[in-house]
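Only one structure is covered here, and it is reproduced in the block below.
Protein chains: 2
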Amino acid sequence: MSDAKLLKQTYVSLINHRLNELVDFKPLPQKELFEAAKYSLLAPCKRLRPLFVLSILHGYGTPLQLGLDPACAIEMIHTYSLIHDDLPCMDNDDLRRGRPSLHKVYPEGLAVLAGDFLLTYAFEIITTSAKLSNSQKLDLITILSKRSGAKGMIGGQVVDLASEGQSIGWDTLHFMHLHKTAALFTACLEFGGILADVPKVDRAALLSCGRALGVAFQVIDDLLDEPSQKMGSDFAKEKATTVSMLGIQKSEEKAKLLLDEAFSSAKKLSKQCSLLNALIKELYSYIPSLSY
Amino acid sequence: MSDAKLLKQTYVSLINHRLNELVDFKPLPQKELFEAAKYSLLAPCKRLRPLFVLSILHGYGTPLQLGLDPACAIEMIHTYSLIHDDLPCMDNDDLRRGRPSLHKVYPEGLAVLAGDFLLTYAFEIITTSAKLSNSQKLDLITILSKRSGAKGMIGGQVVDLASEGQSIGWDTLHFMHLHKTAALFTACLEFGGILADVPKVDRAALLSCGRALGVAFQVIDDLLDEPSQKMGSDFAKEKATTVSMLGIQKSEEKAKLLLDEAFSSAKKLSKQCSLLNALIKELYSYIPSLSY
Chain A
492 MSDAKLLKQT YVSLINHRLN ELVDFKPLPQ KELFEAAKYS LLAPCKRLRP LFVLSILHGY
552 GTPLQLGLDP ACAIEMIHTY SLIHDDLPCM DNDDLRRGRP SLHKVYPEGL AVLAGDFLLT
612 YAFEIITTSA KLSNSQKLDL ITILSKRSGA KGMIGGQVVD LASEGQSIGW DTLHFMHLHK
672 TAALFTACLE FGGILADVPK VDRAALLSCG RALGVAFQVI DDLLDEPSQK MGSDFAKEKA
732 TTVSMLGIQK SEEKAKLLLD EAFSSAKKLS KQCSLLNALI KELYSYIPSL SY
Chain B
492 MSDAKLLKQT YVSLINHRLN ELVDFKPLPQ KELFEAAKYS LLAPCKRLRP LFVLSILHGY
552 GTPLQLGLDP ACAIEMIHTY SLIHDDLPCM DNDDLRRGRP SLHKVYPEGL AVLAGDFLLT
612 YAFEIITTSA KLSNSQKLDL ITILSKRSGA KGMIGGQVVD LASEGQSIGW DTLHFMHLHK
672 TAALFTACLE FGGILADVPK VDRAALLSCG RALGVAFQVI DDLLDEPSQK MGSDFAKEKA
732 TTVSMLGIQK SEEKAKLLLD EAFSSAKKLS KQCSLLNALI KELYSYIPSL SY
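Protein chains in written order, with this note's numbering: chain A, 492 to 783; chain B, 492 to 783.
This is the structure:
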């Protein structure tokens with residue numbers, strides 16, 4: 492196994508272990524809330540977002556322990572957004588991460604509250620973390636609230652929801668991708684920059700790297716969701732995707748170009764971030780025509 | 492009009508004006524989100540929670556401007572909790588603050604997202620406020636995330652939801668009141684304490700004042716919701732309330748005792764907080780047998 496793969500595996504274990512610790516509450520009257528949150532938060536998945544946070548710390552030689560809680564906070568924001576997004580009044584998805592969605596296993600109201608809990612808890616984790624300086628905490632909270640808020644992720648979800656069954660243009664689709672998906676990816680790399688206290692000039696490269704990565708991830712997600720038998724979840728909902736707009740080949744080219752862009756931004760950093768590079772390389776392999 | 496009434500009116504105007512400013516975004520693709528958030532946030536109401544925050548600043552001679560944004564952040568948390576609480580999968584309430592609930596006017600998915608937005612935005616407002624010191628911001632964020640989180644307001648909502656149609660004991664009802672309602676009231680007085688930088692000894696009095704006030708408010712709410720014609724919303728949902736458990740007279744006595752307790756905690760403060768005292772006095776007048 493390559494060094495990068497081994498490192499990634501170790502980091503994923505650490506993230507999973509810490510996530511588990513963070514929601515491991517003693518029995519309380521509201522214990523069902525913690526069980527519901529755990530069901531979604533601890534479902535097996537790639538942990539791509541927290542890995543991106545930690546990849547910057549690794550590259551700059553910053554102790555991993557400094558970034559573990561903030562990385563988990565981002566995973567909580569991501570998980571809450573999936574829980575709320577799957578609700579019947581939103582995307583109405585019955586499956587998530589290969590298992591029934593939270594609201595199919597627990598009462599729907601509890602799913603709403605579990606999402607609210609993870610969203611609120613993300614901020615509590617950062618503000619109470621013993622390892623961060625006050626200014627780091629505030630920088631992280633500013634980034635997290637903006638990127639996941641109305642001018643970030645939630646803004647993208649709103650436009651996504653409003654566009655269902657509508658004929659939309661490329662600008663609207665790009666707005667959705669930039670906000671719904673790329674905003675939180677950008678936050679991951681910005682988190683890395685704050686935690687590793689990178690030089691100012693590196694912050695711009697992290698920002699453009701995160702943005703390109705996020706849009707690339709969404710295009711790849713659209714490609715993987717592509718309903719060759721017209722059965723994809725987005726197809727059933729008459730949602731516009733990169734593929735429905737550009738076709739498969741052009742979407743694959745677009746994903747590749749965006750990953751190239753992310754890669755070249757990563758190369759501009761004053762430190763070589765080997766894990767970041769490895770994670771970007773792995774994303775290339777998800778582009779169907781490039782996977783072999 | 493008494494001084495306290497005039498002051499209260501002025502403060503309510505300032506709060507409403509600032510809330511309006513905070514959600515007054517330029518036209519953006521996600522503008523429907525801001526319209527939905529405004530519909531709920533700017534509905535006419537008493538603004539009791541932000542008033543409690545500002546009443547402490549007034550008592551300690553702290554500039555009001557310091558507390559306006561944090562007070563609005565608490566109102567946003569309160570409003571988001573009402574929006575989510577009203578959803579069909581939660582309390583399924585069609586009316587709120589005398590108007591149709593948000594999800595009756597806008598798509599239900601947008602109501603979920605408007606709640607998520609207000610919750611996230613509350614933290615952004617505090618962390619980006621130019622008027623607060625770093626340590627004040629972090630203290631406020633810690634209090635807000637804890638009091639509105641799983642061991643505070645959300646925890647109370649979970650037990651409330653699970654108790655519907657169940658036979659519950661006094662302990663469970665008290666847990667619900669303390670968490671669902673009193674936690675955020677407590678946060679208001681704690682916010683006041685942080686913003687006015689009150690002596691340490693005053694913080695304990697603020698905490699017990701907030702807790703007593705919050706439970707009193709919930710008991711009064713139960714009394715006002717009391718279905719003399721068995722038509723109250725909680726009655727229809729077979730929800731246990733103070734009144735269904737203790738009867739009207741004992742509930743009124745309980746509310747009065749709790750307000751007495753809040754009043755005596757307020758008297759222990761090193762400064763006389765005239766607006767706080769006036770707000771507590773006003774709550775007595777909502778107890779049906781004491782209103783005249």
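Ideal Cβ positions, reconstructed from N, Cα and C, are used throughout, including at glycine.
Can you check DSSP and say which residues form a bridge with residue i?
| i | result |
| --- | --- |
| arginine 784 of chain B | For residue 784 of chain B there is no data in the structure shown, the boundaries of chain B being 492 and 783. |
| proline 591 of chain A | A/Leu586 |
Please check if any C-beta of chain A sits within less than 8 Å of the C-beta of residue i.
| i | result |
| --- | --- |
| glutamine 720 of chain B | The pLDDT assigned to glutamine 720 of chain B is 37, lower than 50, so where the model puts this residue is not dependable, and the model offers no usable value. |
| valine 603 of chain B | yes |
| proline 518 of chain B | no |
| leucine 675 of chain B | no |
| alanine 731 of chain B | no |
| valine 596 of chain B | no |
| leucine 652 of chain B | yes |
| phenylalanine 666 of chain B | yes |
| phenylalanine 543 of chain B | no |
Please confirm whether any heavy atom of the ligand NAD lies closer than 7 Å to the CB of residue i.
| i | result |
| --- | --- |
| phenylalanine 708 of chain B | Ligands displayed in this structure: none; no statement on the ligand NAD is therefore possible. |
Alpha carbon to alpha carbon, what distance is there between residue j and residue i?
| i | j | result |
| --- | --- | --- |
| tyrosine 530 of chain B | leucine 609 of chain B | 12 Å |
| alanine 528 of chain B | serine 761 of chain A | 43 Å |
| alanine 703 of chain A | leucine 748 of chain A | 9 Å |
| leucine 698 of chain B | threonine 732 of chain A | 52 Å |
| glycine 640 of chain A | asparagine 583 of chain A | 22 Å |
| alanine 769 of chain B | leucine 573 of chain A | 45 Å |
| leucine 559 of chain B | proline 541 of chain B | 8 Å |
| arginine 509 of chain B | isoleucine 506 of chain A | 40 Å |
| histidine 575 of chain A | alanine 602 of chain A | 7 Å |
| valine 514 of chain B | threonine 619 of chain B | 15 Å |
| isoleucine 739 of chain A | leucine 714 of chain A | 7 Å |
| isoleucine 711 of chain A | leucine 766 of chain B | 58 Å |
| alanine 746 of chain B | isoleucine 771 of chain B | 11 Å |
| phenylalanine 830 of chain B | cysteine 700 of chain B | With chain B running from 492 to 783 in the structure shown, residue 830 of chain B is simply not present. |
| leucine 664 of chain B | isoleucine 634 of chain A | 39 Å |
| glycine 552 of chain A | aspartate 688 of chain A | 11 Å |
| leucine 774 of chain B | phenylalanine 708 of chain B | 8 Å |
| arginine 694 of chain B | glycine 705 of chain A | 45 Å |
| proline 561 of chain B | glutamate 655 of chain A | 36 Å |
| asparagine 625 of chain A | leucine 781 of chain B | 48 Å |
| serine 756 of chain B | glutamine 763 of chain B | 11 Å |
| lysine 622 of chain B | leucine 686 of chain B | 10 Å |
| tyrosine 777 of chain A | arginine 590 of chain A | 21 Å |
| lysine 642 of chain B | asparagine 511 of chain A | 17 Å |
| lysine 691 of chain B | histidine 670 of chain B | 24 Å |
I need the boundaries of the alpha helix (DSSP H) containing residue i, first residue and last residue.
| i | result |
| --- | --- |
| aspartate 607 of chain A | 599-619 |
| alanine 746 of chain A | 739-758 |
| glutamine 556 of chain A | 555-577 |
| valine 649 of chain B | 644-654 |
| alanine 674 of chain B | 674-686 |
| glutamine 763 of chain B | Unbroken run through glutamine 763 of chain B: none, as it is neither H nor E. |
| arginine 538 of chain A | Arginine 538 of chain A -> no alpha helix (DSSP H), and no H or E assigned at all. |
| lysine 637 of chain B | 625-638 |
| methionine 667 of chain A | 661-667 |
| glutamate 801 of chain B | Outside the shown range of chain B, which is 492 to 783, sits residue 801 of chain B, and nothing can be said about it. |
Give a yes or no on whether the minimum CB-CB distance between residue i and chain B is below 8 Å.
| i | result |
| --- | --- |
| glutamate 432 of chain A | Past the boundaries of the shown model lies residue 432 of chain A; chain A is included only from 492 to 783, so the question cannot be answered. |
| methionine 581 of chain A | yes |
| serine 531 of chain A | no |
| glutamine 657 of chain A | no |
| threonine 663 of chain A | yes |
| threonine 633 of chain A | yes |
| serine 493 of chain A | no |
| phenylalanine 708 of chain A | no |
If we cut at 8 Å on Cβ distances, does residue i have a partner in chain E?
| i | result |
| --- | --- |
| alanine 678 of chain B | Looking at the structure shown, chain E is missing, and the protein chains on hand are A and B. |
**Prompt:** Which residues, in order along the segment 600-631 of chain B, keep a beta-carbon less than 7 Å from a beta-carbon of chain A?
**Reply:** Gly600, Leu601, Val603, Leu604, Asp607, Phe608, Leu610, Thr611, Tyr612, Phe614, Glu615, Thr618, Thr619, Asn625, Ser626, Lys628, Leu629
**Request:** Scan the segment 496-523 of chain A for residues whose Cβ lies nearer than 8 Å to a Cβ of chain B and list them as they occur along the chain.
**Result:** Phe516, Leu519, Pro520, Gln521, Glu523
**Contact list for the segment 637-648 of chain A against chain B, Cβ threshold 7 Å** = Along the segment 637-648 of chain A, going in chain order, the ones with a CB nearer than 7 Å to a CB of chain B are Lys637, Ser639, Gly640, Ala641, Ile645, Gly646, Gln648.
**Within 7 Å of chain B by C-beta, residues of the segment 547-578 of chain A in sequence order** = His575, Leu578
**Request:** Using a Cβ-Cβ cut-off of less than 9 Å, list which residues of the segment 746-775 of chain B approach chain A; keep chain order.
**Result:** none
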